[in-house]
Amino acid sequence: MIDHEDVAALLGTEGPFARELPNFAPRAAQQAMARAVQHAIAERETLIAEAGTGTGKTFAYLVPALLSGERVIVSTGTKALQDQLYFRDLPRVRSVLGARLKTALLKGRSNYLCLYRLDQTVREGATFDRAQASQLAAVRAWSARTRRGDRMELAEVPEESPLWPRVTSTPENCLGVECPFYDDCHVIKARREAQEADLVVVNHYLLFADLALKQEGFGEILPGANAFILDEAHQIPELAGQFFSQSISARQLSDLAQDSLSECNGVTGAIGLVLEPAEAVQDAVRRLRLAMDVLPERGPFHQMEAKHEIGDALHALRDVLAALTDVLASQAERSRGFANAHERAALMSERLDRIAERESERDVRWYELFPRGFALHATPLDLAAPLRAMREQTQAAWIYTSATLSVSSSFDHFARQLGLEDPQTLHVESPFDYEKQALCYLPAGLPDPSARDYTDRVIEAVLPVLHASHGRAFLLFTSHRALRRAAELLHERVPWPLFVQGSAPRHQLLEDFRHSGHGVLLGAASFWEGVDVAGEALSVVVIDKLPFASPDDPVLQARLEALEQAGINPFMGWQVPSAVIALKQGAGRLIRDVHDRGVLVLCDPRLTSKGYGRLFLNSLPAMPRTKELAQVKAFFDDEVSAPA
């Protein structure tokens, strides 16, 4: 009989997982991680655990979490991973352990059907095109049978459909307890289940939205937990920056104006008061966006302030928003909808004033432009302090895990970003045999990545590899411009199906690539991580350049200046470590299974010409390296079953 106290034994050769799960392979690395997680939960410690691809880290944290007797929140990087964890991995572990615990899945409110907004959309009888009318009919039919109201259930309505925002709610337009559908609300039901559960599966967006709200004293969505386990934790620094920022967008302002006008229906005399200030806000938003046309896509706030026309347009927007807020205040007692709109307007007005006027040295104020809108932000320069305060408030264990958290075996960069002082750390190697399964090819003779013809030269160097592998490749780019140029060059030159990011939804491209057998997929940022293609369909991963963050990022610029003032080399202290972690993510697409074989093509000559190149290479799994194309061809010639 195996003692449940020994989580490593449960996952060992004599344990129930080996007995009951087909294809379960006991792994020493998985067992070591399970012990470390168990200890961290019991002692309320902070643990950073880097687990190489194939370690089985999900089971390594779920087993001790379910056996801990504590309330645990598990957070993942994406909603897709959240569903995989909740509907596939968690039931398996619960079944093997015989764990009779309450578990819950909780997402942000925009993932749940809002019965009130669906009813409104149907009543309005708006003119839809044929596709949207068909989608609305599908949503109505589904609304009658769904228990959870989770839009992921309804695959026939695409995730990017413009219908979804019309039948889901936001914190701003939710009517709360005064909603006529409150008793049947899917969001309320999901939150109630989460409050009562022993283990809740969330995603990072929801986790930080809730914790950031708790910091501001608005109460909590998630139950107080004794342990937080954050998978895909390499995403946390960037996400935390978003959630500790103050932001306001053109879309939020336009939605406020539109919702204020909609609320006039059925409230006698309201339209006469609300129409003018609401239309003035919409007009001021358009004028500001037009004035900002002269600016780059994003930049520091002082670039806006240097242009008188933009300054005047921003001042006018603040004035008309304040006027709308006053009018809505006069109507707030006439309906719940007007009270809600007034709260939103007051909050937005205050936020806009704070962003426009704030001169705090702790914040970076910046803007970004979209084809039809804009967003204004104030982001904390240092995230360590608010993150530390947030953790201390929870008095819980915090476990951060991912395949990519260290830089040349050091966790210092990740720990510094999150303000982790003296955390427990663990690094467990992947069980894959990279010496035999993989080859790293560093093409010789490529120019400096700043050369105008760099992408052309990369494609010339990569084409012989693609012919040797018969396609079956991911080409990952650090910019969309390079991706588009590569697509042009390859379009007429490869006989295999070409899949280009942007030509179809991401999940569709991946599905088509898997089924093609010999496809070549070109992707930028979103394809560098969270993509899993095991087997022969993917045998080559090409990375065009070292993934340094964009130098025009105003938040990055300010952070680098602050590091320099603190006496830290910003390039080696921040830019290189961040790029190493991003490269590890991209390279990790190649070997996903013990049977996979493949070639990693790293095109950037700085890997061998610059001293810091060694940090990148030393951070990758240990695999043979070559500059000889002949060795790449020999690698594919050695395949047991070469593709036809």
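Basically this note's numbering = 1-based index in the sequence shown + 246. Cβ atoms here follow ideal geometry from the backbone N, Cα and C, with glycine treated the same way. If you're wondering where the values come from, they're calculated on a predicted model, not measured in any experiment.
What is the DSSP secondary structure of F616, counted as helix, strand or coil? Residue state, collapsed to three classes: strand.
Rounding to the nearest angstrom, what Cα-Cα distance links Q284 and M636 in this structure? Going by the C-alpha atoms only, they are around 22 angstroms apart.
Answer with yes or no whether the minimum CB distance from P617 to chain B is below 9 angstroms. No chain B appears in the structure shown, which is made up of a single protein chain.
Output the distance between the C-alpha atoms of G769 and A345, rounded to the nearest integer angstrom. Between G769 and A345, the C-alpha separation is close to 41 angstroms.
Short check: CB of A479 to CB of I294, under 9 angstroms? In this structure, I294 lies closer than 9 angstroms to A479 by Cβ.
Where P310 falls, given that 16 or more other Cβ within 10 Å makes a residue buried: With 16 or more other Cβ atoms within 10 Å, it is buried.
Alpha carbon of V385 to alpha carbon of L336, nearest angstrom: Going by the C-alpha atoms only, they are around 29 angstroms apart.
Across which residues does DSSP place N449 in a beta bridge pair? Checking the DSSP bridge columns, you'll see N449 partnered with T322.
Collapsed DSSP secondary structure at S887 in the structure displayed: Only weak support is given to the placement of S887: the predicted model assigns it a pLDDT of 45, under 50, and the value that follows is read from those uncertain coordinates. It is coil, neither helix nor strand.
Assuming contact is defined by CB atoms lying nearer than 9 angstroms, are L507 and L519 in contact in what I supplied? No; because the gap between Cβ atoms is not below 9 angstroms, this pair is not in contact.
So what does DSSP say about W820, is it helix, strand or coil? In this structure, W820 counts as helix in the three-state DSSP scheme.
Spatial neighbours of V413 within its chain, please: C-beta separation below 7 angstroms, excluding the five flanking residues on both sides. By the criterion of a C-beta distance shorter than 7 angstroms, V413 is surrounded in its chain by L359, C360, R363, L364, T367, V385, once the five residues flanking it on both sides are discounted.
Near E296, which residues of its chain fall below 6 angstroms by C-beta distance, leaving aside the five closest residues on each side in sequence? Within the same chain, Cβ atoms closer than 6 angstroms to the Cβ of E296 are found at L651, S652, H673, the five residues on either side in sequence being excluded.
Name the DSSP bridge partner or partners of E296? According to DSSP, which records beta bridges pairwise, E296 is partnered with S648, H673.
Using 8 angstroms for Cβ pairs, my map puts L755 next to L744. What's the rounded Cβ distance? L755 to L744, Cβ: 11 angstroms. No contact.
Could you work out which residue in R394, L863, G315, L313 is closest to K353 when comparing CA atoms only? Out of R394, L863, G315, L313, R394 has the C-alpha closest to the C-alpha of K353.
If you check the beta carbons only, do R376 and P677 fall under 9 angstroms apart? No, Cβ-Cβ distance for R376 and P677 is not below 9 angstroms.
Are the CB atoms of L351 and V433 nearer to each other than 9 angstroms? L351 is not a Cβ neighbour of V433, given a cutoff of 9 angstroms.
Under the three-state DSSP convention, the category I897 falls into: Residue 897 falls outside the range modelled here, since the chain spans only 247 to 890, and no answer is possible.
Please state whether the Cβ-Cβ distance between A496 and G619 is less than 9 angstroms. Taking 9 angstroms as the cut-off, the Cβ atoms of A496 and G619 count as close.
Under 9 angstroms between the Cβ atoms of L421 and F454? At least 9 angstroms separates the beta-carbon of L421 from that of F454.
Rounded distance between the beta-carbons of V822 and S715, thought under 8 angstroms: In fact, because the Cβ distance is near 30 angstroms, the residues do not count as touching under 8 angstroms.
Assuming R535 is part of the alpha helix (DSSP H), what are its boundary residues? That run of the alpha helix (DSSP H) goes 516-537.
Same chain only: Cβ atoms within 7 angstroms of M279, ignoring 5 sequence neighbours per side: Only A295, A297, T301, K303, A306, L672, V674 meet the Cβ criterion.
Quick one: what does DSSP say Y858 is sitting in, helix, strand or coil? Looking at Y858 - three-state DSSP - the assignment turns out to be coil, as it is neither helix nor strand.
So, is D842 buried or exposed, given that buried needs 16 or more other C-beta atoms within 10 angstroms? So D842 counts as buried.
Go through its chain and collect everything with a Cβ distance to P889's Cβ below 6 angstroms, but skip five positions before and after it. Only weak support is given to the placement of P889: the predicted model assigns it a pLDDT of 40, under 50, and the question is left unresolved by the model.
Given a cut-off of 9 angstroms, decide if L829 and L866 are closer than it, judged by their beta-carbon atoms. Contact: yes.
Where does N357 land, buried or exposed, given buried means 16+ other C-beta within 10 angstroms? Flag for N357 reads buried.
Cα-Cα separation, S380 to A387: S380 and A387 have their C-alpha atoms some 11 angstroms from each other.
Three-state class that DSSP yields for T301 in the structure shown: Looking at T301 - three-state DSSP - the assignment turns out to be coil, as it is neither helix nor strand.
Please report the straight-line C-alpha distance between Q492 and D599, rounded to a whole angstrom. Counting only the Cα atoms, D599 lies some 11 angstroms from Q492.
Continuous beta strand (DSSP E) stretch holding L351: start and end: For L351, the enclosing beta strand (DSSP E) covers residues 349-351.
By a C-beta neighbour count over all protein chains shown, 10 Å radius and 16 as the cutoff for buried, is R611 buried or exposed? Here R611 is buried, its C-beta having at least 16 other C-beta atoms within 10 Å.
Taking the straight line between their C-alpha atoms, what separation do you get for T392 and V531? C-alpha separation (whole angstroms): 39 angstroms.
Quick check on S356: does DSSP put it in helix, strand or coil? Reduced to three states, the DSSP call for S356 is helix.
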